[in-house]
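One structure is given here, and the rest of the page talks about it.
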Amino acid sequence: MTPLLEIKNLKTRFYTQDGVVRAVNDVSYTMDSGEILGVVGESGCGKSVHALSMMQLIPYPPGKITNGEVWLDGQDLLTLNEEEMQKVRGRDIAMIFQDPMTSLNPVFTIGFQITEALLLHNDMTKREAKDRAGELLELVGIPGAKDRLDDYPHQFSGGMRQRAMIAMGLSCEPKLLIADEPTTALDVTIQAQIIDLVKKLQEELGMAIMWITHDLGVVAELAHTINVMYAGSIIETGQIHNIYKETKHPYTIGLLGSLPRLDDAPGTELVSIPGLPPDLLALPEGCPFAARCEYRIEKCLVEKPPLEGIDGKDHSVACWRWEEIAGIGSK
Amino acid sequence: MKAEMKKLVEVRNLKKYFPGTEVSIFRAGNDVKAVDGVSFDIYEQETLGLVGETGCGKTTVGRTMLHLYQPTAGNIIFDGVDLNDLGERELRFARSKMQMIFQDPYASLNPRMTVGSIVGAPLDVHTDQSRTEKRERVQELLDIVGLNPDFVNRYPHEFSGGQRQRIGIARALALNPDFVVCDEPISSLDVSIQAQVVNLLEDLQKKLGLTYLFIAHDLSMVRHISDRMAVMYLGKIVELADRDEIFLNSLHPYTQALMSAVPVPDPDLAETKDRIILDGDIPNPSNPPLGCNFNTRCPVAIDICFKEEPEYREVKDNHWVACHLVK
Ligand SMILES: Nc1ncnc2c1ncn2[C@@H]1O[C@H](COP(=O)(O)OP(=O)(O)O)[C@@H](O)[C@H]1O
Ligand SMILES: Nc1ncnc2c1ncn2[C@@H]1O[C@H](COP(=O)(O)OP(=O)(O)O)[C@@H](O)[C@H]1O
Ligand code: SF4
Ligand SMILES: [Mg+2]
Ligand SMILES: [Mg+2]
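Structure (structure tokens):
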């Protein structure tokens with residue numbers, strides 16, 4: 001089966017006054033249709049920039065995609081011009097963000113905005129579009145949906161705006177929905193509503209979802225596969241079970257260890273990763289995690305470990321010593 | 001909590017209302033009932049966790065406890081003394097023993113002050129130490145929180161979020177407080193840095209015998225650090241108990257939903273977990289529902305819940321809850 005999406009050697013740089021920010025460093029992976037991929041990593045590790053790069057939404061200057069291919073359905077998106085790309089956005093790939101107000105315009109009603117999105121990509125009448133907009137709001141669980149089409153975004157609560165944005169994202173039945181921290185600003189009970197909703201919609205509509213988050217808990221609830229990013233690179237990737245239960249990379253092990261567990265005994269100390277992520281303006285040679293890694297050897301400082309597949313598993317890791325480390329720290 | 005443990009802070013029927021925004025020049029808006037009658041104790045050297053969703057009143061509880069906000073009603077008894085009974089000078093002294101660590105390590109540090117003057121500011125106000133004494137104390141404080149004492153002349157922007165939070169902690173410790181309100185001290189930090197700061201706070205508690213009110217919305221972190229936990233909803237405490245009791249035997253339907261909504265970083269557990277999904281949003285605190293204020297979202301509400309406010313009471317040893325359905 002050919003994958004839905006294939007990213008090859010993607011590199012994105014920002015040329016700033018202070019120097020070159022190496023935001024995305026040689027990222028390659030594939031996604032199947034219907035797959036839910038969780039992209040995790042701490043702030044600044046390149047999660048958003050890599051997704052925006054796929055969509056050709058990197059502001060130039062200062063940003064520039066310096067290398068790579070993004071194959072979707074037999075075409076390389078990075079070779080498309082702006083007009084062709086606009087058709088892809090919304091129709092083939094939809095994107096939703098942490099702050100719904102980046103996509104919702106405060107001066108237009110919710111109904112108008114969804115209707116516009118529908119008319120842009122579909123051959124339908126205004127009447128049909130308006131009916132469909134009502135259905136979509138209902139689909140995402142807005143109470144009294146049809147009566148709320150004439151509401152403005154400020155009349156919606158945070159959770160409802162996020163639902164409205166999802167409705168807009170789904171309006172053209174995209175093949176891929178990219179959700180960038182869509183629940184980060186929401187409270188847990190509202191987050192639970194949204195996760196529940198997205199799971200149901202995915203089962204019904206079958207689109208692939210890329211869920212970007214810093215929260216390893218959220219993606220454990222919904223992803224099939226995980227990419228762990230660090231300093232602009234994928235350092236571990238695989239089936240969700242492999243990532244959480246057969247963790248290989250020292251960074252992922254550290255990250256999972258620094259989360260409190262609900263079965264911790266009183267007085268348990270959290271495993272913390274010492275130090276800070278590297279400065280992307282001055283990325284060291286070698287393994288990007290080396291400065292913080294307790295397993296570091298000389299080689300780690302001079303040569304960057306490639307993302308290497310583990311035999312017989314859908315699981316890859318970028319660490320020179322993963323075979324030795326395996327089992328030491330993973331739970 | 002064991003009977004022989006000493007109560008350090010007692011909070012009695014505390015209320016804090018903020019004036020509502022004007023509806024028109026003739027009509028003031030309803031008061032925002034940010035905190036609407038909460039009572040609890042904090043024992044010496046324990047950590048009481050306070051959880052609840054945005055806007056439920058956690059920060060207001062913390063600030064009102066320190067009299068940073070004047071309470072609308074109710075009492076704060078600190079170390080046996082009611083803060084309402086204190087004159088200005090005495091209140092200032094009492095306050096020096098109660099400190100706060102803030103959520104946003106960017107906004108809470110003055111960008112134009114050096115780390116030395118930020119951490120030393122409380123010493124200027126509350127002590128008459130000489131410059132050298134202050135300087136030594138500041139360096140000692142930086143050392144305690146794991147920062148290089150030579151950093152005194154640097155400015156906040158030269159530090160990462162985690163380091164700034166350490167600066168805020170050093171400032172809070174300057175006057176040797178007994179009690180510290182930690183208001184979401186790690187919410188804005190990355191996961192790997194959160195653990196560093198939480199470990200530091202736990203360490204300091206042991207070393208200095210501190211008592212904490214630890215406010216957060218991350219339940220698993222609060223469970224990790226707390227001895228007991230209180231759950232707030234719309235200005236009221238709905239449940240309070242030992243941390244394991246709250247997690248294993250929660251009685252209030254809101255607590256149960258909140259616990260079940262916490263995402264667990266374990267795909268196996270996530271799959272088997274029973275999730276209670278609450279409908280709707282949190283009501284507006286200037287116009288809370290009558291009866292039990294959770295009734296608009298409660299999956300098990302009965303008639304009486306819409307008429308009478310449930311009493312907050314101790315239903316078994318050290319387990320407090322406000323719900324009509326709990327016998
Ligand atoms: N417009 C920009 N100019 C300069 N640097 C940028 C710009 N946008 C993003 N970056 C940098 O790129 C890196 C990756 O950012 P991002 O992808 O947003 O991280 P995250 O993983 O938090 O989504 C960060 O170091 C960020 O500072
Ligand atoms: N200074 C203030 N003036 C007016 N309203 C306030 C003020 N501080 C908080 N509030 C309101 O009080 C309620 C509780 O707020 P807060 O204590 O900050 O909640 P939390 O810390 O749990 O998020 C909210 O509705 C908030 O808008
Ligand atoms: S390559 Fe070396 S430094 Fe990098 S994670 Fe592996 S052991 Fe650590
Ligand atoms: Mg981002
Ligand atoms: Mg708060």
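Order-wise, the sequence lines are chains C and L. Residues 1 to 331, numbered by my numbering, are exactly what the first sequence covers, in order. Residues 1 to 327, numbered by my numbering, are exactly what the second sequence covers, in order. Each residue gets a CB set at the ideal place from its N, CA and C atoms; glycine is no exception.
Is any beta-carbon of chain C found at less than 8 Å from that of residue i?
i: MET275 of chain L; result: Inspection of the sequence shows that residue 275 of chain L is occupied by Arg rather than by Met. Judged by the 8 Å Cβ criterion, ARG275 of chain L is in contact with chain C.
i: LEU240 of chain L; result: no
i: MET221 of chain L; result: yes
i: THR54 of chain L; result: yes
i: GLN129 of chain L; result: no
i: ASP190 of chain L; result: yes
i: GLN194 of chain L; result: yes
If we ignore side chains and look at the alpha-carbon of each, how far apart do residue i and residue j end up?
i: LYS134 of chain L; j: GLY120 of chain L; result: 7 Å
i: SER108 of chain L; j: HIS241 of chain C; result: 41 Å
i: ALA332 of chain C; j: PHE289 of chain C; result: This structure does not reach residue 332 of chain C, given that chain C is present from 1 up to 331, and the question cannot be answered.
i: SER22 of chain C; j: THR127 of chain L; result: For the record, residue 22 of chain C in the displayed sequence is Arg; it is not Ser. Roughly 49 Å separates the two Cα atoms.
i: GLU135 of chain C; j: LYS199 of chain C; result: 18 Å
i: LYS8 of chain C; j: ILE212 of chain C; result: 19 Å
i: ALA179 of chain C; j: ALA208 of chain C; result: 11 Å
i: GLY68 of chain C; j: SER188 of chain L; result: 33 Å
i: LYS331 of chain C; j: TYR244 of chain C; result: Reliability of the predicted coordinates at LYS331 of chain C is poor, the pLDDT of 38 falling under 50, and the value obtained from them is presented with this limitation in mind. Rounded to whole angstroms, LYS331 of chain C to TYR244 of chain C spans 8 Å at the Cα level.
i: VAL145 of chain L; j: ALA301 of chain L; result: 48 Å
i: THR16 of chain C; j: VAL49 of chain C; result: 15 Å
i: ASP196 of chain C; j: ASP274 of chain L; result: 12 Å
i: GLU221 of chain C; j: VAL138 of chain L; result: 45 Å
i: LEU77 of chain C; j: VAL107 of chain C; result: 32 Å
i: ILE297 of chain C; j: CYS287 of chain C; result: 10 Å
i: GLY238 of chain C; j: THR30 of chain C; result: 11 Å
i: PHE93 of chain L; j: LYS206 of chain L; result: 24 Å
i: GLN202 of chain C; j: LEU177 of chain C; result: 10 Å
i: CYS319 of chain C; j: LEU251 of chain L; result: 47 Å
i: PHE14 of chain C; j: ASP190 of chain L; result: 23 Å
i: ARG166 of chain L; j: ASN176 of chain L; result: 16 Å
i: LYS327 of chain L; j: VAL315 of chain L; result: 7 Å
i: TYR230 of chain C; j: LEU118 of chain C; result: 37 Å
Is the Cβ of residue i closer than 8 Å to any Cβ of chain L?
i: HIS214 of chain C; result: yes
i: GLY329 of chain C; result: Only weak support is given to the placement of GLY329 of chain C: the predicted model assigns it a pLDDT of 47, under 50, and the value that follows is read from those uncertain coordinates. No, because no Cβ of chain L sits closer than 8 Å to the Cβ of GLY329 of chain C.
i: GLY254 of chain C; result: yes
i: TYR244 of chain C; result: yes
i: ASP264 of chain C; result: yes
i: GLY159 of chain C; result: yes
i: ASP187 of chain C; result: yes
Can you list, in chain order, the residues of its chain whose CB lies under 7 Å from that of residue i, leaving out five sequence neighbours each side?
i: GLU42 of chain C; result: HIS214 and PRO277
i: ASN25 of chain C; result: LYS11, GLY232 and SER233
i: THR109 of chain C; result: LEU149, ASP150, ASP151 and TYR152
i: PRO289 of chain L; result: PRO283, ASN295 and THR296
i: MET160 of chain C; result: ILE142
Could you pull out every residue in the same chain whose Cβ sits closer than 8 Å to the Cβ of residue i, ignoring the five residues on either side in sequence?
i: ASN13 of chain L; result: GLY37, VAL38, SER39, ALA73, GLY74 and ASN75
i: GLU285 of chain C; result: LEU301, VAL302, GLU303 and LYS304
i: GLN191 of chain C; result: THR183 and VAL218
i: PHE237 of chain L; result: The amino acid at residue 237 of chain L is misidentified as Phe; the sequence shows Ile. These residues qualify, in order along the chain: VAL38, SER39, PHE40, ALA230, VAL231, TYR312, TRP320 and ALA322.
i: PHE179 of chain L; result: LEU8, VAL9, ILE42, PHE78, LYS97, MET98, GLN99, LEU210, THR211, TYR212 and LEU213
Could one say the Cβ of residue i lies closer than 8 Å to chain D's Cβ atoms, at least one of them?
i: GLY217 of chain C; result: Chain labels in this structure do not include chain D; the protein chains are C and L.
Take residue i and list the residues in its own chain whose beta-carbon comes closer than 6 Å to its own, dropping the five residues that flank it on each side.
i: GLY329 of chain C; result: Caution is warranted here: a pLDDT of 47 is assigned to GLY329 of chain C, below 50, making its placement in the model unreliable, and the coordinate value is therefore given only provisionally. Only ILE253 meet the Cβ criterion.
For the segment 199–278 of chain L, list the alpha helix (DSSP H) runs that are entirely contained and at least 4 residues long, ordered along the chain.
219–225, 243–248, 253–261 and 267–272
Runs of beta strand (DSSP E) wholly within the segment 4–40 of chain L (minimum 3 residues, chain order)
7–18
Could you give the uninterrupted runs of the beta strand (DSSP E) lying entirely in the segment 133–207 of chain C, keeping only those of 3 residues or more?
176–180
Using 8 Å as the cut-off, can you tell me whether the segment 166–181 of chain C makes contact with the segment 85–96 of chain C, which would need three or more C-beta pairs spanning the two stretches below that distance?
yes
In chain order, which alpha helix (DSSP H) runs of at least 4 residues are fully inside the segment 106–135 of chain C?
110–121
What are the start and end residues of each continuous beta strand (DSSP E) run of 3 or more residues lying completely inside the segment 20–99 of chain C, in chain order?
36–40, 63–72 and 93–96
Which parts of the segment 221–303 of chain C are runs of the alpha helix (DSSP H), unbroken and 4 residues or longer, counting only runs that do not cross its ends?
240–245, 250–257 and 298–302
Where are the beta strand (DSSP E) runs, 3 residues long or more, that stay fully inside the segment 33–120 of chain L, in chain order?
47–51, 73–78 and 98–101
Using a Cβ distance threshold of 8 Å, determine whether the segment 94–104 of chain L contacts the segment 157–172 of chain L, with at least three qualifying pairs required.
yes
At least three beta-carbon pairs within less than 8 Å, the segment 307–319 of chain C to the segment 46–57 of chain L
no
Report yes or no: do three or more beta-carbon pairs, one from the segment 254–261 of chain C and one from the segment 213–224 of chain L, lie closer than 8 Å?
yes
Could you pull out every unbroken beta strand (DSSP E) segment of at least 3 residues lying fully inside the segment 151–207 of chain L, listed in chain order?
179–183
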